[in-house]
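Asker: Sequential numbering from 105 applies to the sequence shown in our numbering.
For glycine and all other residues, C-beta sits at the position ideal for the given N, C-alpha and C.
All of these numbers come straight from a predicted model, not from anything done at the bench.
Have a look at this one.
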Amino acid sequence: MKREKLETYIGRQVKVLLFDGRAYEGCLQKTNTDAVKHNPNLYLKHNYYALLDKGGNTMGPIFRCSHVTRVKEVG
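Next comes the structure, spelled out in structure tokens:
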């Protein structure tokens, strides 16, 4: 998926389908931003994305935009 399209969903509740066929749901955030500065595993990675729950915990693996096959907004 193109980075520009994926980044339009940042901060929204989405369901992401990755290249391996697994789907994950959560709030899409980009790594290395103030939204994830409390977690060094997310803050120190550049050009990756993560799905977070309401408490800021990761809801699956971190991934690059090239790993994403489909994104759907769920809420």
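Going by alpha carbons, who is nearest to residue 136 out of 122, 153, 115 and 161?
Answerer: Here the closest residue by C-alpha is 153.
Asker: Where do the N-terminal and C-terminal ends of the alpha helix (DSSP H) with residue 141 fall, by residue?
Answerer: First-last for residue 141: undefined, no H or E at that position.
Asker: Only counting the same chain, and skipping five residues up and downstream in sequence, which positions put a Cβ closer than 6 Å to that of residue 171?
Answerer: If we look at residue 171 and ignore the five residues flanking it on each side, its Cβ neighbours are 122 and 123.
Asker: Use the C-beta contact count for residue 178: other C-beta atoms within 10 angstroms, 16 or more gives buried, fewer gives exposed.
Answerer: With fewer than 16 other Cβ atoms within 10 Å, it is exposed.
Asker: Do you know offhand how far residue 169's Cα is from residue 108's?
Answerer: In a straight line, the C-alpha of residue 169 is about 9 Å away from that of residue 108.
Asker: What residue range is occupied by the uninterrupted alpha helix (DSSP H) comprising residue 110?
Answerer: Residue 110 -> alpha helix (DSSP H) spans 107 to 111.
Asker: Comparing alpha-carbon positions, which option in 126, 125, 160 and 175 lies nearest residue 138?
Answerer: Considering only alpha carbons, the answer is 160.
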